[in-house]
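Protein chains in written order, with my numbering: chain C, -13 to 573; chain X, 25 to 248.
Data block below; observations after.
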Amino acid sequence: MGEAVSESAGAMQEARVHHGHLGFWRTYVFSTDHKMIAKQFLFMGLFMMVLGGLMALLMRWQLAWPETPVPGFGWVPEPYMYGGIIPPDFYNMLFTMHATLMIFFVLMPILVGCFGNFLIPLMIGARDMAFPVLNMLSFWAGALAGLVMLAGFAVPGGHAAGGWTAYAPLTANVTYTGVDWGQNLWIISLIILSFSSLMGSINYITTIINMRAPGMTFFRLPLVIWSLFIVAILLLLALPVLTAALAMLFLDRALGTSFFLPSGGGEPLLWQHLFWFFGHPEVYVLILPAMGIGSEILSVFSRKPIFGYRAMVYAMMAIAFLGFIVWGHHMFQSGMNPVLGTSFMLSTMVIAVPSAIKTFNWLGTLWGGSIRFTTPMLHGLAFVSMFVIGGLSGIFMASAPVDIYIHDTYFIVAHIHYVLFGGSLFGLFGAIHYWFPKMFGRMMNETLGKIHFWSTFIAFNGVFFPMHILGVGGMMRRIYNPLQYDFLQTLQPINVFITISAFALGAAQIVLVINFFWSLFAGKRAEANSWQANTLEWSAPSPPPHGNWGEALPIVYRSAYEYSSPEVSEDWLPQDRPLVPKPAATY
Amino acid sequence: MLRWLPENASTYGKDIDSLFSLIYNITGVTFILVMTVMVAFLILFRRREGRRATYLHGNTYLEILWTVVTAGIMIMLTIMSRPLWGRIKESLPASEIQVRVTAKQFSWEIVYPGPDGEFGTEDDLRADNNMNVPVNQVVRVILKSDDVIHSLFIPNLRFKQDAVPGRDIDSWFEATRPGKYEMPCAELCGFGHSGMKGYLTVHSAEDYQRWVERNWPSSQEEDS
Chain C
-13 MGEAVSESAG
-3 AMQEARVHHG
7 HLGFWRTYVF
17 STDHKMIAKQ
27 FLFMGLFMMV
37 LGGLMALLMR
47 WQLAWPETPV
57 PGFGWVPEPY
67 MYGGIIPPDF
77 YNMLFTMHAT
87 LMIFFVLMPI
97 LVGCFGNFLI
107 PLMIGARDMA
117 FPVLNMLSFW
127 AGALAGLVML
137 AGFAVPGGHA
147 AGGWTAYAPL
157 TANVTYTGVD
167 WGQNLWIISL
177 IILSFSSLMG
187 SINYITTIIN
197 MRAPGMTFFR
207 LPLVIWSLFI
217 VAILLLLALP
227 VLTAALAMLF
237 LDRALGTSFF
247 LPSGGGEPLL
257 WQHLFWFFGH
267 PEVYVLILPA
277 MGIGSEILSV
287 FSRKPIFGYR
297 AMVYAMMAIA
307 FLGFIVWGHH
317 MFQSGMNPVL
327 GTSFMLSTMV
337 IAVPSAIKTF
347 NWLGTLWGGS
357 IRFTTPMLHG
367 LAFVSMFVIG
377 GLSGIFMASA
387 PVDIYIHDTY
397 FIVAHIHYVL
407 FGGSLFGLFG
417 AIHYWFPKMF
427 GRMMNETLGK
437 IHFWSTFIAF
447 NGVFFPMHIL
457 GVGGMMRRIY
467 NPLQYDFLQT
477 LQPINVFITI
487 SAFALGAAQI
497 VLVINFFWSL
507 FAGKRAEANS
517 WQANTLEWSA
527 PSPPPHGNWG
537 EALPIVYRSA
547 YEYSSPEVSE
557 DWLPQDRPLV
567 PKPAATY
Chain X
25 MLRWLPENAS
35 TYGKDIDSLF
45 SLIYNITGVT
55 FILVMTVMVA
65 FLILFRRREG
75 RRATYLHGNT
85 YLEILWTVVT
95 AGIMIMLTIM
105 SRPLWGRIKE
115 SLPASEIQVR
125 VTAKQFSWEI
135 VYPGPDGEFG
145 TEDDLRADNN
155 MNVPVNQVVR
165 VILKSDDVIH
175 SLFIPNLRFK
185 QDAVPGRDID
195 SWFEATRPGK
205 YEMPCAELCG
215 FGHSGMKGYL
225 TVHSAEDYQR
235 WVERNWPSSQ
245 EEDS
């Protein structure tokens, strides 16, 4: 029955190929083509990444050389900065908005918005998403959310300064921070963004279930599609909880409802429960697509089938399920009943098991391979090794007694950045280099790619590894000036070292920007199958036209990872290439 | 790396540190093993002319093996963490010394119940940002907050507990070494979060007696 549905859906899409020219606005702005929407998400995310990165550098300046003028920032008006000096309330806005932008407006739009949109139809053999107009709305709602979020910097009282976790009651009443409409706009923006994500995830789920090409069974899906499918389900289940919590927070602020204010009978910990019930699955929303991307890249450039395909799928499902029952590990020291701490400690420890399965399977994929060290592969390998560090450092805070000490210190900051920068962002960089030829029809420059990779990889570790030491030394996160504390004085040289590495990390990204835009216009023309890969997107032209394939949709004959198969002389065997069966004797 | 830990000065602190170092050793060895294997594979299986990659989809026995071993280690760590967590957070050992700490933007208000051992009476002593306790005695800390969430952090004692408005949270420590220790706030609490700190002075038995006599001179007369 499933195939009948996909065939009729395919037939419906046939009509779309013959649309002809749509004009500028329908092609580039209000486009319903999944590939154009993907590019829109990509450019929005990259723009926000520049902003989020600059905020991080401002913070690093303050932490290394507290209360000295930041060079080149003397023009920023009061009360944001005073002659280039960052005051404490602006510092709080910086870390709040750095995290907010990077999580909601960089990693989500690029990993889920861009690559979800680009890859799902192309890799399952569909001409577009199930609901193209909804898809367009999803992007424009996201763009609106981005504008509302940035507008927060322009209102009196400044932007939200209560951390990206926005713990009530700090955020529930203007008097505690002095931030008025900044926090309100932050709430409104995230509510709009969650509608955007909900529209996207409904589309992803429907498309993957209904529009797979003939022969594309669930267990022939590439792992990156599995990861996006699971992510869409996570978003569908977790975002409504965030939206509800945000609405309650807004009502507390605007109408004095006291959901989270104890003076009116509210409960501050309720916010934390609701926020982390969303917030922990959110972490997996950001890492699962990178896991899928890493799996594609490792298999292609090792010229080997992915090791333990089904275990990889089940591990992602297990991570997604367990992700919903571990939120309490963010709240070990919150005053939550400590008996609950034990159950959350157990579920958190158990989540290390599927993560370990994935890591070992990636190693198994490398074993016996014929490994090509291309730029995407380097990013894929960096993703695996950095994710190992981020995963292992998570075990420390999973142990509730150890968490007593490291909770709210830089150990946590180091951990989250090894997962979300070392993991998600290296995965994202790998994806950009790997699919750039398919997206834009041109290859990225390998030399620039490798310069960018190595400088980023070294500087990244220079920034975030020493943060473990700061955490062990007891340095609290979100403090404005470590020199205010006697016990942190000896750690200051480490802070200076981190800041210098951070500037190197920022500078390294200039290479990426140059490579990206240079390749966009002057890169070598890409072949249809640029990397000799098996998945369906490589059977379409680079870049694919409206409707992706010509008259006929591809038909799928096998799994996505038949590399170095004995059935053919080449070391790849695309999913859609028909083979005359060999006589039984050869087996 | 663990030599960067501030010197421990509490009873349960050394147990936290040894659990910390156990996890550090397990994760450290795992990391070195995984990275060695990875780098070895990258060198051994780099592309060479004329060699084709092995056509292999997995190995069920290996996969079961590493799943079971990982699960075993994780459950062992949970079992080893559980008693210490219970001892620190779920129990309140008998204590003669009580202190009430009320967090507010941006200071710690410390209240001692005085000789009558009860809060809210005449002989209460209030002091901002200075906590005085004797060494080798269980100190019960009742944590409150007047405004937003704060977190009382005493790095040397491996003590951390959030203070939540609307609640009295019971917690405790027992210092093992006299000295003066910093007491920062660890939870973002507003623009003055950074720099919100106090000091804990752990006195030797004699010094503590002198401190008590200095603050409640009349009580000594009543007692004798």
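Heads up, the beta-carbon is just placed ideally off N, CA and C, and yes, glycines get one too.
Quick caveat: nothing in here was measured; it's all calculated off a predicted structure.
Worksheet entry | glycine 321 of chain C and proline 179 of chain X closer than 9 Å at C-beta | Position 335 of the first sequence, counting from 1, holds the residue named residue 321 of chain C. Position 155 of the second sequence, counting from 1, holds the residue named residue 179 of chain X. Taking the C-beta atoms as reference points, proline 179 of chain X is found no nearer than 9 Å to glycine 321 of chain C.
Worksheet item: Among C/Phe245, C/Pro226, C/Val269, C/Cys100, which one has its Cα closest to the Cα of tyrosine 190 of chain C?
Response: Mapped onto the first sequence, residue 190 of chain C falls at position 204. Cα-wise, what sits closest to tyrosine 190 of chain C is C/Cys100.
Worksheet entry | Proximity below 9 Å, CB of leucine 491 of chain C to CB of valine 449 of chain C | The residue you call residue 491 of chain C lines up with position 505 of the first sequence. The residue you call residue 449 of chain C lines up with position 463 of the first sequence. In terms of Cβ geometry, leucine 491 of chain C and valine 449 of chain C form a close pair [threshold 9 Å].
Worksheet item: Taking 9 Å as the CB-CB limit, is leucine 255 of chain C close to chain X?
Response: Here residue 255 of chain C refers to the residue found at position 269 of the first sequence. Interface flag for leucine 255 of chain C against chain X is set, since a Cβ pair is found closer than 9 Å.
Practice prompt. Determine the direct distance from the alpha carbon of histidine 217 of chain X to that of cysteine 209 of chain X, and round the result to whole angstroms.
Written response: For this step, residue 209 of chain X is matched to residue 185 along the second sequence. For this step, residue 217 of chain X is matched to residue 193 along the second sequence. The C-alpha of histidine 217 of chain X is placed about 7 Å away from the C-alpha of cysteine 209 of chain X.
Practice prompt. Examine the Cβ distances between the segment 337 to 355 of chain C and the segment 297 to 304 of chain C and report whether three or more of them are shorter than 8 Å.
Written response: The answer is yes - the segment 297 to 304 of chain C touches the segment 337 to 355 of chain C, with three or more Cβ pairs under 8 Å.
Worksheet item: Is the segment 179 to 198 of chain C close to the segment 145 to 154 of chain C, with three or more CB pairs under 8 Å?
Response: Contact fails: fewer than three Cβ-Cβ distances are below 8 Å.
Discussion item. Need the endpoints of the alpha helix (DSSP H) that arginine 463 of chain C sits in, please.
Written reply: Here residue 463 of chain C refers to the residue found at position 477 when the first sequence is read from its first residue. Neither: arginine 463 of chain C is in no alpha helix (DSSP H) and is coded neither H nor E.
Worksheet item: Going by the CB atoms, is the gap between isoleucine 23 of chain C and methionine 122 of chain C shorter than 9 Å?
Response: Position 136 of the first sequence, counted from the start, is the residue given in the question as residue 122 of chain C. Position 37 of the first sequence, counted from the start, is the residue given in the question as residue 23 of chain C. Note that the C-beta distance between methionine 122 of chain C and isoleucine 23 of chain C is below 9 Å.
Worksheet item: So, does the CB of leucine 26 of chain X fall closer than 9 Å to a CB anywhere in chain C?
Response: For the purposes of this step, residue 26 of chain X is taken as residue 2 along the second sequence, with counting starting at 1. Residue contact check for leucine 26 of chain X against chain C: a CB pair falls below 9 Å.
Practice prompt. Sort out for me which residues DSSP pairs tyrosine 79 of chain X with in a bridge.
Written response: The count along the second sequence starts at 1 and reaches residue 79 of chain X at position 55. Bridge partners of tyrosine 79 of chain X: none, in fact.
Worksheet entry | Opposing strand residues paired with proline 158 of chain X [DSSP bridges] | Taking the second sequence and counting its residues from 1, one reaches residue 158 of chain X at position 134. Proline 158 of chain X pairs with X/His227.
Discussion item. Buried or exposed, going by whether 16 or more other CB atoms sit within 10 Å of the CB of serine 115 of chain X?
Written reply: Translated into the one-based positions of the second sequence, residue 115 of chain X becomes position 91. Taking all protein chains shown into account, serine 115 of chain X has fewer than 16 neighbouring C-beta atoms within 10 Å of its C-beta and is therefore exposed.
Discussion item. Using 8 Å as the cut-off, can you tell me whether the segment 265 to 278 of chain C makes contact with the segment 166 to 177 of chain C, which would need three or more C-beta pairs spanning the two stretches below that distance?
Written reply: Using a C-beta cut-off of 8 Å, the segment 265 to 278 of chain C makes no contact with the segment 166 to 177 of chain C, since fewer than three inter-stretch Cβ pairs fall below that distance.
Worksheet item: Excluding sequence positions up to five away, which residues of its chain have a Cβ less than 7 Å from the Cβ of glutamate 31 of chain X?
Response: One-based indexing of the second sequence puts residue 31 of chain X at position 7. Closer than 7 Å at the Cβ level, and outside the excluded window around glutamate 31 of chain X, lie Asn180.
Worksheet item: Quick one, which residues of the segment 310 to 343 of chain C are near chain X if we go by CB-CB under 7 Å, in chain order?
Response: For the segment 310 to 343 of chain C, the set of residues with a beta-carbon nearer than 7 Å to any beta-carbon of chain X comprises Gln319, Ser320, Gly321, Pro324, Val325, Gly327, Thr328, Met331, Leu332, Met335, Val336, Ala338, Val339, Ala342, Ile343, in chain order.
Worksheet item: Does DSSP put lysine 510 of chain C in a helix, a strand or coil?
Response: The residue labelled residue 510 of chain C in the question sits at position 524 within the first sequence. In the structure shown, the three-state DSSP call for lysine 510 of chain C is coil.
Worksheet item: Which of helix, strand or coil does DSSP assign to methionine -2 of chain C?
Response: The residue given as residue -2 of chain C occupies position 12 in the first sequence. In this prediction, methionine -2 of chain C has a pLDDT of 47, which is less than 50 and means its spatial position is unreliable; what the coordinates show is noted afterwards. Of the three classes helix, strand and coil, the one that applies to methionine -2 of chain C here is helix, per DSSP.
Worksheet item: Is any beta-carbon of chain C found at less than 9 Å from that of asparagine 153 of chain X?
Response: For the purposes of this step, residue 153 of chain X is taken as residue 129 along the second sequence, with counting starting at 1. It does not: the Cβ of asparagine 153 of chain X has no partner Cβ on chain C nearer than 9 Å.
Discussion item. Helix, strand or coil, according to DSSP, for methionine 197 of chain C in the structure here?
Written reply: Against the first sequence, residue 197 of chain C aligns to sequence position 211. Methionine 197 of chain C: coil per DSSP, three-state reduction.
Discussion item. Tell me whether the segment 421 to 441 of chain C and the segment 378 to 386 of chain C touch, counting them as touching only if at least three CB pairs, one residue from each stretch, are closer than 8 Å.
Written reply: Short answer: they don't touch.
Item to complete: Could you tell me which chain C residues have their CB closer than 9 Å to the CB of glutamine 122 of chain X, listed as they occur along the chain?
Response: Counted from its first residue, the second sequence places residue 122 of chain X at position 98. Result: empty, since nearest Cβ-Cβ is about 19 Å, beyond 9 Å.
Discussion item. For a test of the three-state rule: what should DSSP assign to serine 180 of chain C, helix, strand or coil?
Written reply: Along the first sequence, one-based indexing puts residue 180 of chain C at 194. The three-state secondary structure of serine 180 of chain C, taken from DSSP, is helix.
Worksheet item: threonine 258 of chain C: buried (16+ other C-beta within 10 angstroms of its C-beta) or exposed?
Response: On the first sequence, residue 258 of chain C is found 272 positions in, with the first residue counted as 1. Here the sequence assigns glutamine to residue 258 of chain C, which means threonine is not the residue at that position. Glutamine 258 of chain C is buried by the Cβ-count criterion.
Worksheet item: Shortest alpha-carbon distance to histidine 84 of chain C belongs to which of C/Gly314, C/Phe139, C/Asp389, C/Phe10?
Response: Stepping through the first sequence from its first residue, residue 84 of chain C is reached at position 98. The residue with the shortest Cα to Cα distance from histidine 84 of chain C is C/Phe139.
Fill in: threonine 476 of chain C in three-state terms, based on DSSP
Residue numbering aside, residue 476 of chain C sits at position 490 when the first sequence is read from its first letter. Here DSSP, grouped into helix, strand and coil, assigns threonine 476 of chain C to helix.
Fill in: Through-space distance from tryptophan 504 of chain C to glycine 533 of chain C, alpha-carbon basis
Numbered from 1 along the first sequence, position 547 holds the residue referred to as residue 533 of chain C. Numbered from 1 along the first sequence, position 518 holds the residue referred to as residue 504 of chain C. When rounded, the separation of the alpha-carbon atoms in glycine 533 of chain C and tryptophan 504 of chain C is 27 Å.
Practice prompt. Please report the residue range of the alpha helix (DSSP H) in which isoleucine 418 of chain C lies.
Written response: The residue labelled residue 418 of chain C in the question sits at position 432 within the first sequence. Its alpha helix (DSSP H) spans residues 412 to 426.
Worksheet item: Helix, strand or coil for isoleucine 166 of chain X per DSSP?
Response: Reading the second sequence from its first residue, position 142 is the one you call residue 166 of chain X. Of the three classes helix, strand and coil, the one that applies to isoleucine 166 of chain X here is strand, per DSSP.
Item to complete: Using a Cβ-Cβ cut-off of 9 Å, state whether aspartate 557 of chain C counts as contacting chain X.
Response: For the purposes of this step, residue 557 of chain C is identified with residue 571 of the first sequence, where counting begins at 1. With 9 Å as the cut-off, aspartate 557 of chain C counts as an interface residue toward chain X.
Fill in: Amino acids of chain X, ordered along the chain, whose beta-carbon sits closer than 7 Å to that of threonine 243 of chain C
Position 257 of the first sequence, counted from the start, is the residue given in the question as residue 243 of chain C. Chain X residues near threonine 243 of chain C: none, gap ~16 Å exceeds 7 Å.
Fill in: Simplified DSSP state of lysine 290 of chain C, which is helix, strand or coil
Here the question's residue 290 of chain C lines up with position 304 in the first sequence. Coil at lysine 290 of chain C, not helix or strand.
Fill in: Local conformation of serine 254 of chain X per DSSP, three classes
A query on residue 254 of chain X cannot be resolved here, the shown segment of chain X reaching from 25 to 248 and no further.
Worksheet item: Residue ranges of each alpha helix (DSSP H) run of no fewer than 4 residues wholly in the segment 370 to 398 of chain C, ordered along the chain?
Response: The qualifying runs are 386 to 392.
Worksheet entry | tyrosine 300 of chain C, enclosing alpha helix (DSSP H) - first and last residue | Indexing the first sequence from 1 puts residue 300 of chain C at position 314. Its alpha helix (DSSP H) spans residues 295 to 309.
Worksheet entry | Simplified DSSP assignment, three categories, for aspartate 247 of chain X | Numbered from its first residue, the second sequence carries residue 247 of chain X at position 223. At aspartate 247 of chain X, the pLDDT of 47 sits below 50, so the modelled position is not reliable; the number obtained from the coordinates is stated separately. It is helical.
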